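Contents: one structure, followed by commentary.
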Amino acid sequence: MNTKVNLAGIEMKNPVTVASGTFGYGREFSNFFDLSKLGGIITKGTSLKARAGNKPSRVCETASGMLNSIGLQNPGVEYFAQNDLPYLRKFDTAIIVNACGSSIDEYVDLCKILNTLDIDGVELNLSCPNVKAGCMAFGNTYDGVKQVTKEVRKVLDKPLIVKLTPNVTDIASIAKAVEDGGADGVSLINTLLAMKIDIEKRRPVLANNTGGLSGPAIKPVAVRMVYQVAQAVNIPILGLGGIVNGEDAIEFMLAGATAISIGAGNFMDPYVSINTIKGIEDYMKRHNIENINDIVGTVQMN
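For what it's worth, my numbering labels the leading residue of the sequence shown as 460, then goes sequentially.
As structure tokens, this is what we get:
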């Protein structure tokens, strides 16, 4: 069986990656399994300068999911390059850096630096709902997405994937902006903007009032959006949103995703990505599939 995929010019041994912000920089999870077994690792969101993130509380559990309002806390690209990247490079897997910014110039300056690093690609974060500037501010219109993508493309020679928010009216048109801006791939979906209220205190549970909903609760929405985008663009799709096993992964690939990413599932089970790889292989055996790429986008609509 062939489980190798090419995601936007990034060669991976299998289609399973771990989503930004749910896997840190891999150190904690390396105590559970060999990170080289993964198709790829997408790093925690990395910015030009260090970010403190939002004030607590920043995480809470919901039915079949979780809310987070971390606010892209990270030590900055310089620290990442000196301390985290050398560690990640010990493993035989693709390293994709999730890049975030508060202005177009910041995205561009960050990607100039990333272009010099030993990484396999960049996931441009235009979709985080938990920051007051940047990210989703650019990511909810065709013109905004195209402009940021186009400017970053000018300075980035490495494979460029743009991560989109589901908090828009027409996800297909936003994805088309990614393609028109010159990106190599599109990643979707990020979290759904949501709220949880403490009924005793009569106040939102999160200090930021709202946060991003992730986990199995959002999977049907994500699958629908991946299918819609697959009909609208010719660049490969990285699908994510509530994936916790091989069956979920196959569902995304049938909808049109070339590869998938596991996010909130990592908090529930540190072995979820490894079990998902095995689940994909089991599905291939049951259905006599020799090449995993043969199933991408093959869902037969009613």
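Just so you know, even glycine gets a beta-carbon here, dropped at the ideal spot from N, CA and C. Being a predicted model, the structure only gives us computed values, none of them experimental.
Residues near residue i in its chain [Cβ-Cβ closer than 8 Å; skip 5 each side]
i, result
"Arg486", "Tyr546"
"Arg662", "Ile656"
"Gly535", "Thr505, Ser506, Leu507, Lys508, Ala509 and Arg510"
"Leu576", "Ala540, Leu544 and Val556"
"Met471", "Lys463, Val464, Asn465, Gly498, Gly499, Thr552, Ala553 and Ala718"
"Arg548", "Ile554 and Asp577"
"Ile748", "Met460, Tyr742 and Ile754"
Backbone secondary structure at residue i - three-state DSSP
i, result
"Glu487", "coil"
"Ala511", "coil"
"Asn750", "strand"
"Ile719", "strand"
"Lys503", "coil"
"Leu497", "coil"
"Leu619", "strand"
"Leu466", "strand"
"Ile766", "Because the chain spans 460 through 761 in this model, residue 766 falls outside it and cannot be assessed."
"Asn527", "strand"
"Thr608", "helix"
"Gly603", "helix"
"Met760", "coil"
"Val536", "helix"
"Gly580", "strand"
"Met460", "coil"
"Val755", "coil"
"Val518", "strand"
"Val477", "strand"
Contacting residues, own chain, Cβ-Cβ under 7 Å from residue i (five flanking each side not counted)
i, result
"Asn704", "Asn734, Thr735 and Gly738"
"Gly670", "Leu526, Asn527, Ser528, Asn589 and Ala653"
"Ala478", "Ile501, Leu699, Ser720, Ile721 and Gly722"
"Asn574", "Val614, Leu615, Asp616 and Lys617"
"Phe492", "Tyr730 and Ile733"
From the options, residue whose alpha carbon lies closest to that of residue i
i, options, result
"Met684", "Thr628, Gly724 and Asn557", "Thr628"
"Tyr601", "Ile620, Val611 and Gly640", "Gly640"
"Ile555", "Asp568, Gly580 and Val611", "Gly580"
"Val762", "Ile563, Met460 and Tyr686", "Residue 762 is absent from the structure shown; the chain starts at 460 and stops at 761."
"Ala708", "Gln690, Asn752 and Leu583", "Asn752"
"Arg517", "Ile572, Asn668 and Phe726", "Asn668"
"Pro625", "Thr608, Leu713 and Ser646", "Ser646"
"Asn513", "Ile702, Pro679, Asn750 and Leu665", "Leu665"
"Ala718", "Thr650, Asn599 and Val682", "Val682"
"Ala723", "Ala714, Ile702 and Glu740", "Ile702"
"Lys635", "Tyr730, Ile658, Thr608 and Pro675", "Thr608"
"Glu706", "Gln690, Leu615, Gly598 and Lys678", "Lys678"
"Val755", "Ser479, Leu623 and Leu713", "Leu713"
"Val689", "Pro675, Ala716 and Asn473", "Per the sequence shown, the amino acid found at residue 689 is Ala instead of Val. For the residues Pro675, Ala716 and Asn473, the minimum Cα distance to Ala689 belongs to Ala716."
"Asn771", "Ile648, Cys519 and Asp616", "Within the shown structure, residues of the chain are numbered from 460 to 761, placing residue 771 beyond reach of any answer."
"Met727", "Val567, Val637, Ile658 and Ser523", "Ser523"
"Asn693", "Glu638, Gly560 and Glu740", "Glu638"
"Lys496", "Val604, Gly700, Val731 and Gly560", "Val731"
"Asp568", "Lys605, Lys613, Phe550 and Ser489", "Lys613"
"Val758", "Asn747, Gln687 and Leu697", "Gln687"
"Asn542", "Glu582, Phe492 and Gly483", "Gly483"
"Ala558", "Leu494, Phe550, Lys571 and Asn584", "Asn584"
"Thr476", "Leu494, Val604 and Glu659", "Leu494"
"Phe488", "Asn725, Glu659, His746 and Leu697", "Asn725"
"Ile572", "Tyr538, His746 and Phe550", "Tyr538"
"Ala676", "Lys660, Ile658, Leu651 and Ala691", "Leu651"
Proximal residues to residue i (C-beta, below 6 Å), its chain only, five neighbours per side dropped
i, result
"Pro618", "Ala467, Gly468, Ile469, Gly580 and Asp643"
"Cys519", "Leu526, Lys655 and Val664"
"Asn473", "Thr462, Gly498 and Ile736"
"Thr481", "Gly722 and Asn725"
"Phe550", "Leu494 and Ser495"
CB contact below 8 Å: residue i versus chain D
i, result
"Arg745", "No chain D appears in this structure, which consists of one protein chain only."
Sequence ranges, alpha helix (DSSP H) only - wholly within the region 634 to 690, length at least 4: Entirely contained in the region 634 to 690, not one alpha helix (DSSP H) run reaches 4 residues.
Mind listing, in chain order, the continuous beta strand (DSSP E) runs of no fewer than 3 residues lying wholly within the region 547 to 571? DSSP runs (the beta strand (DSSP E)) wholly in the region 547 to 571: 553 to 558.
Three Cβ pairs or more, each shorter than 8 Å: is that satisfied between the region 502 to 509 and the region 528 to 544? Using a Cβ-Cβ distance cut-off of 8 Å, the region 502 to 509 and the region 528 to 544 are in contact, since at least three pairs of beta carbons, one from each stretch, lie closer than that value.
Entirely within the region 723 to 749 and at least 4 residues each: give me those alpha helix (DSSP H) ranges in chain order. Taking only runs of at least 4 residues, the alpha helix (DSSP H) segments lying wholly in the region 723 to 749 are 724 to 727 and 731 to 745.
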